[in-house]
Amino acid sequence: MKAVNDVEGFVELTKQLVAIPSVNGTPGEVDVAEFVVTWLKKLPYFRRFPHRVWTQEIPGDPLGRKNVFAWVKGQTPATVLLHGHLDTVGIEDYGPLQELAFQSDALKKEIERFSGADDRVKEQAASGNWLFGRGALDMKGGVAVHMKLVEFWSNRPEEPPGSILFMANPVEENQHSGIMAALSELLRLREQENLQFMCAVNADYVTAGYEGDSARYLYTGATGKLLLNVLIRGRETHVGEAFGGLDPVFVMAECLRELNYNPELCDRVGLETGQPPVALYARDLKPAYNVQTAGGAWLYFNWFVLNSTPEAVLAQVKRKVEAARDRALALRNGYMDQYTEFAEVKGQMPRYEREDMPVLTFSEWLEGLEDGVRARVDDVLRNTRYSVEVDQREATRDLVERCLAAAGQTSPLILLYYSSPFCPRNRLQEERPDHRRVLKAVEAAAGAVAARYGEVLKIRPFFPYLSDSSYLNMVDEPRAVHMFTANFPGWGTTYSVPLDEIRKLSIPAINLGVYGFDAHKWTERLYIPYSFGVLPKLIQRVVEMLWENRQWEEEN
């Protein structure tokens, strides 16, 4: 079959997508979806079959954001899903170049002479091989690749051997609500149109693994993400009687030291190592200035998982937080004893108590409540609701505080729990025939493309960043998921993930992405020769090998 070959077309379409500001949480997410729909409907195939391009609104979304679908029907039900996201992060990091953030050509020219750019970036801008602009790399270039592949297959004089389903989603950069809403539509298509999903291909960006790395990485799984919360309840006191209370910020500092960046906590599978936990938030819970110490402190961590279950992560964190608690209390008590000695020299006899501070998971705390108290707390969990404007992490923390109040909890403690978002981990598993088929197609296609174009292509099991691919397949067993939801206050009311739909859908998911540098930075840029000259042929070969294998299986 003829190979897709339209570098200029890929570049131009990416520029058009970049030119539509679609920062996460803005009306631009709707604008860019409408552009994609209009572009698709202009293709001859979809002028003949207009019903094969459609949108699905995200339920309850205040901006009216929507998923976009396009279906090129093939000779068999064998279907490959090409998907990506249309939202981007903000442009504040562009500083004086903000006005050019969505103008690829003008931004490139300005960067060539901009004093704030380093020499390598300037050289790349001048070379003509790099496409700049917010979203060019993450991931409008990848969406453009998929759109042009849809055009390529739809222009065939005969139906392709299998089907292509294109999907573009909003809200990837934070809550992943676009892909989660799409699951019901994918299940509908499988049931009503008899689509048999062989594989899902995401084109989210890939980059070098280290300085001087020339490889392009192909990923056959998705890293999972947990948001691990540590809520610390201390005891307030006036600053004039510092040791009359227990400062939760003091304990929080030790928790940060124990958990943040700690390589011992990196998840590992074979030679693969995930990123360490990183604090995304840490502060006291005082609403305003006064001369009272804080009553509480709160911090949460991004926690990447490759192989660990949520239960195992909690057990690991509990041990570390207990060590941090012990160290903090030992320091406090030592300081308190020193201060008491100073006071006694002056003839004062202060009486300060040594404090205890148990460390509990949320489910452990619930299980320790008496029946009547538990009933009050369960009522809070069942009936508390929050508006969509409230940050979901704040909502979960507030719900925990309400539970503590309902239980009459006033003594110091540390609670460990999860909040949103939750990204399930997944990977292709060789023991499964449907997964093995995809792995073999990727390996064969990568070998052929590498030999033909002189690229170094390396296959790795886990895409190292957060991805919508997490929601198309999952490997956690039901018991592990139950332990997770039991430690997620408000699961099913303040937040949920359609886990049953993910299990039912179970599409082998891979990432064959555009290549570049500095996603989420003002120097974000996409490398054109690989992203638009090689990658489309790689995806084409993987898809067509899967189709051919399916045909062979049906005939034999």
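Residue numbers 14 to 569, in this note's numbering, belong to the letters of the sequence shown in order.
Note that CB positions come from ideal geometry on N, CA and C, so glycine has one too.
Exercise for review: With P446 as the anchor, note down where its alpha helix (DSSP H) starts and where it stops.
Suggested key: Taking the first residue of the sequence shown as 1, we reach residue 446 at position 433. That run of the alpha helix (DSSP H) goes P446 to Y466.
Practice item. Would you be able to state if there are at least three C-beta pairs under 8 Å between the segment 109-126 and the segment 49-65? Key: As far as the Cβ criterion goes, the segment 49-65 does not touch the segment 109-126, which means the pair count is below three.
Exercise for review: Quick one: grab the DSSP three-state call for V403.
Suggested key: The residue you call residue 403 lines up with position 390 of the sequence shown. V403 falls in the coil class under three-state DSSP.
Review point. Could you check where the beta strand (DSSP E) with C436 kicks off and where it finishes?
Key: By 1-based counting over the sequence shown, the position of residue 436 is 423. Note, C436: beta strand (DSSP E), L426 to C436.
**Study point:** Which residues DSSP lists as bridging F176, in chain order
**Key:** Indexing the sequence shown from 1 puts residue 176 at position 163. With the sequence shown as reference, residue 176 is identified as Ser, and Phe is not the correct amino acid for it. Paired residue(s): T92.
Check your understanding: Between I427, V50, G505 and P434, which lies nearest to G247 when the distance is taken from Cα to Cα?
Key -> Working through the sequence shown from its first residue, we reach residue 247 at position 234. Minimum Cα-Cα distance from G247 among the listed residues I427, V50, G505 and P434 corresponds to I427.
Review point. Sorted by chain position, which residues of the same chain lie with C-beta nearer than 6 Å to N569's C-beta, five sequence neighbours on each side aside?
Key: Residue numbering aside, residue 569 sits at position 556 when the sequence shown is read from its first letter. Caution applies to N569, whose pLDDT of 32 falls short of 50 and renders its modelled position unreliable; the model cannot decide the point.
Check your understanding: If we call anything under 8 Å between Cβ atoms a contact, is Q420 one with V390?
Key -> In the sequence shown, the residue the question calls residue 420 occupies position 407. In the sequence shown, the residue the question calls residue 390 occupies position 377. Per the sequence shown, the amino acid found at residue 420 is Ala instead of Gln. In contact: A420 and V390 (Cβ atoms closer than 8 Å).
Point to revise | Coarse secondary structure for E568, derived from DSSP in three states | key: Here residue 568 corresponds to residue number 555 of the sequence shown, with the count starting at 1. Residue placement at E568 cannot be trusted, given a pLDDT of 37 that sits under 50; the coordinates are not used to answer.
Point to revise | Own chain residues within Cβ distance below 6 Å of E566, not counting five before or after | key: Position 553 of the sequence shown, counting from 1, holds the residue named residue 566. Note that E566 scores a pLDDT of 42, beneath 50, so its modelled location is shaky; the value from the coordinates is reported in the next line. No residues qualify anywhere along the chain.
Check your understanding: Is it the case that the Cβ atoms of Y399 and T507 are separated by a distance below 8 Å?
Key -> Mapped onto the sequence shown, residue 399 falls at position 386. Mapped onto the sequence shown, residue 507 falls at position 494. Yes, the Cβ-Cβ distance between Y399 and T507 is below 8 Å.
Check your understanding: Between T51 and K153, which are expected to be in contact by the criterion C-beta below 8 Å, what is the C-beta distance as a whole number of angstroms?
Key -> The residue labelled residue 51 in the question sits at position 38 within the sequence shown. The residue labelled residue 153 in the question sits at position 140 within the sequence shown. Actually they do not touch by this definition, with Cβ atoms about 16 Å apart.
Practice item. Look at the alpha carbon of Y478 and the alpha carbon of D339, and state the distance between them as a whole number of angstroms. Key: Within the sequence shown, numbered from 1, the residue matching residue 478 stands at position 465. Within the sequence shown, numbered from 1, the residue matching residue 339 stands at position 326. Looking at the two C-alpha atoms, the distance is approximately 34 Å.
**Study point:** Distance between L30 and E21 (C-alpha atoms, nearest Å)
**Key:** If you number the sequence shown from 1, residue 21 lands on position 8. If you number the sequence shown from 1, residue 30 lands on position 17. The alpha-carbon atoms of E21 and L30 are separated by roughly 14 Å.
Exercise for review: Leaving aside the five residues before and after Q553 along the sequence, list all residues of the same chain whose C-beta is less than 7 Å from its C-beta, in chain order.
Suggested key: Residue numbering aside, residue 553 sits at position 540 when the sequence shown is read from its first letter. A16, V17 and L162, listed in sequence order.
Point to revise | Segments assigned beta strand (DSSP E), at least 3 residues, entirely inside the segment 322-384 | key: 372-374
Check your understanding: Between L559 and the rest of its own chain, which residues show a CB-CB distance below 8 Å, the 5 nearest in sequence each way excluded?
Key -> Translated into the one-based positions of the sequence shown, residue 559 becomes position 546. For L559, where only same-chain residues beyond five positions count, the Cβ hits under 8 Å are A91, V93, G175, M211, C212, R450, V451 and A454.
Review point. Who are the near neighbours of Y107 in its chain, counting only those whose CB is closer than 8 Å to its CB and skipping five residues on each side?
Key: To locate residue 107, count along the sequence shown from 1; it is residue 94. If we look at Y107 and ignore the five residues flanking it on each side, its Cβ neighbours are L113, A114, R147 and W535.
Point to revise | When F165, F179 and M180 are compared against P173, the one with the closest alpha-carbon | key: Mapped onto the sequence shown, residue 173 falls at position 160. Among F165, F179 and M180, the Cα nearest to that of P173 is on F165.
Check your understanding: In chain order, what residues of the same chain have a beta carbon less than 7 Å from the beta carbon of D481, not counting five sequence neighbours either side?
Key -> Looking up residue 481 in the sequence shown gives position 468. H96, H98, N182, E185, H189, I192 and N215, listed in sequence order.
Practice item. Please report the Cβ distance between L298 and E368, rounded to the nearest whole angstrom; I am assuming they are in contact, meaning their Cβ atoms lie under 8 Å. Key: Taking the first residue of the sequence shown as position 1, residue 298 is located at position 285. Taking the first residue of the sequence shown as position 1, residue 368 is located at position 355. Their Cβ separation, rounded to whole angstroms, is 18 Å, which puts L298 and E368 out of contact at 8 Å.
Review point. Shortest alpha-carbon distance to Y431 belongs to which of G253, N303, V156 and L244?
Key: Walking along the sequence shown from the start, residue 431 turns up at place 418. Out of G253, N303, V156 and L244, L244 has the C-alpha closest to the C-alpha of Y431.
Exercise for review: Taking only the alpha-carbon atoms, compute the straight-line gap between L429 and T423 and give it to the nearest angstrom.
Suggested key: Within the sequence shown, numbered from 1, the residue matching residue 429 stands at position 416. Within the sequence shown, numbered from 1, the residue matching residue 423 stands at position 410. Spanning the two alpha carbons is a distance of roughly 17 Å.
Review point. Three-state secondary structure (DSSP) at N562?
Key: For this step, residue 562 is matched to residue 549 along the sequence shown. Reduced to three states, the DSSP call for N562 is helix.
Review point. Using the rule of at least 16 other Cβ atoms within 10 Å of the residue's Cβ for burial, across every protein chain shown, is K517 buried or exposed?
Key: Taking the first residue of the sequence shown as position 1, residue 517 is located at position 504. The residue in question, K517, is exposed, as its Cβ has fewer than 16 Cβ neighbours within 10 Å.
Practice item. Could you have a look at A301 and say whether DSSP puts it in helix, strand or coil? Key: As a position in the sequence shown, residue 301 is number 288, starting the count at 1. Three-state DSSP puts A301 in coil, outside helix and strand.
**Study point:** Supposed contact pair E271 and V334 - C-beta distance, whole angstroms, cut 8 Å
**Key:** For the purposes of this step, residue 334 is taken as residue 321 along the sequence shown, with counting starting at 1. For the purposes of this step, residue 271 is taken as residue 258 along the sequence shown, with counting starting at 1. Sure, about 7 Å apart at Cβ, within 8 Å.
Point to revise | Which residues DSSP lists as bridging T101, in chain order | key: Numbered from 1 along the sequence shown, position 88 holds the residue referred to as residue 101. According to DSSP, T101 bridges with V36.
Review point. How many angstroms separate the CA atom of E557 from the CA atom of N396?
Key: To locate residue 557, count along the sequence shown from 1; it is residue 544. To locate residue 396, count along the sequence shown from 1; it is residue 383. Approximately 51 Å between the Cα atoms of the pair.
**Study point:** DSSP-derived helix/strand/coil call for V31
**Key:** Here residue 31 refers to the residue found at position 18 of the sequence shown. DSSP places V31 in helix when its eight states are reduced to three.
Check your understanding: Between which two residues does the alpha helix (DSSP H) harbouring A16 extend?
Key -> Residue numbering aside, residue 16 sits at position 3 when the sequence shown is read from its first letter. Here A16 belongs to no alpha helix (DSSP H), and DSSP marks it neither H nor E.
**Study point:** Touching by the beta-carbon criterion (3+ pairs, under 8 Å), the segment 277-287 and the segment 339-354
**Key:** no
Check your understanding: Given a threshold of 16 other Cβ atoms within 10 Å of its Cβ, counted over all protein chains shown, does A464 qualify as buried or as exposed?
Key -> For this step, residue 464 is matched to residue 451 along the sequence shown. It is exposed - the Cβ of A464 has fewer than 16 other Cβ atoms within 10 Å.
Check your understanding: Start and end of the alpha helix (DSSP H) containing Y107?
Key -> Locating residue 107 in the sequence shown gives position 94, counting from the first residue. Where Y107 is concerned, there is no enclosing alpha helix (DSSP H), given that its DSSP letter is neither H nor E.
Exercise for review: Excluding the 5 residues preceding and the 5 following S433 in the sequence, name in chain order all residues of the same chain whose CB lies nearer than 6 Å to its CB.
Suggested key: Position 420 of the sequence shown, counted from the start, is the residue given in the question as residue 433. Hits under 6 Å: Q405 and Y508.
Review point. What's the gap between the Cα of P261 and the Cα of L417?
Key: Taking the sequence shown and counting its residues from 1, one reaches residue 261 at position 248. Taking the sequence shown and counting its residues from 1, one reaches residue 417 at position 404. Taking C-alpha positions only, P261 is separated from L417 by approximately 16 Å.
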